[in-house]
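A short write-up of the structure that comes next.
In full-length UniProt numbering, the protein residues as written are 1 to 203.
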């Protein structure tokens, strides 16, 4: 009898860098002051907070470092795979993308991302998602990868569809309201299968 998690491979430790579309995706470094500052700025950004509510909200650089260390621990334990998205030419950090909530029974995971304000409008999220999805559905061995976003977040909806994540429906009360852990709002659920055709994100 095949074990339920036989098809999924734990994320490599350290994670492999991912390259393409002018980007380099590398593991976060919780000992780097630059990475901690980027992590804090990205997660404190008002636009991100409008659409996403972290489980723990970093209020300063110390709490941001602990949050980033927790992210690194999840990656080391095989529960997630988190990347700092950087410019391949300059190394400048542009944002974050992670394969989260890796379920070793159902062989699924949920991808999430954010882009720093100064890097928006350059298709960073689209290209980072394309790279990460291809890796997760091949090298990581996932047959299904999900993406959820708040209803009304049209930019995320468009990025998901460009990257081959089909809209599957609306989860009522599927995520927290902005800035709250005691109220909920509806969420769109997208998903991409390993057997789906590879999208052309350069169109």
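Every residue gets a Cβ at the ideal spot worked out from N, C-alpha and C, and that includes glycine.
Note that this is a predicted model, so its numbers are computed, not measured.
Determine the closest residue to residue i out of the options, with distance taken between C-alpha atoms.
i: residue 109; options: 75, 147, 84, 76; result: 147
i: residue 201; options: 38, 32, 14, 21; result: 21
i: residue 50; options: 80, 65, 152; result: 152
i: residue 192; options: 130, 180, 186, 185; result: 130
i: residue 216; options: 186, 76, 92, 96; result: The requested residue 216 is not part of the displayed model; the chain covers only 1 to 203.
i: residue 87; options: 115, 101, 55, 166; result: 115
i: residue 25; options: 156, 82, 150, 76; result: 82
i: residue 169; options: 65, 187, 154; result: 187
i: residue 162; options: 183, 145, 198; result: 198
May I ask you to report which of helix, strand or coil DSSP gives residue i?
i: residue 186; result: strand
i: residue 87; result: strand
i: residue 26; result: strand
i: residue 103; result: strand
i: residue 67; result: helix
i: residue 81; result: strand
i: residue 199; result: coil
i: residue 191; result: strand
i: residue 94; result: strand
i: residue 18; result: strand
i: residue 60; result: coil
i: residue 48; result: helix
i: residue 31; result: coil
i: residue 53; result: coil
Assuming residue i and residue j make a contact with CB atoms under 8 Å, what is their CB distance in whole Å?
i: residue 128; j: residue 48; result: With a Cβ gap of about 15 Å, residue 128 and residue 48 do not count as contacting.
i: residue 185; j: residue 150; result: 6 Å
i: residue 59; j: residue 181; result: No, residue 59 and residue 181 are not in contact; Cβ-Cβ is about 15 Å, not under 8 Å.
May I ask whether a heavy atom of the ligand HEM can be found less than 8 Å away from the beta carbon of residue i?
i: residue 89; result: Because no ligand of any kind appears in the structure shown, any question about the ligand HEM cannot be addressed here.
Hey, which unbroken runs of the alpha helix (DSSP H) at 4 residues or more fall wholly within the region 109-183? 124-138, 154-162
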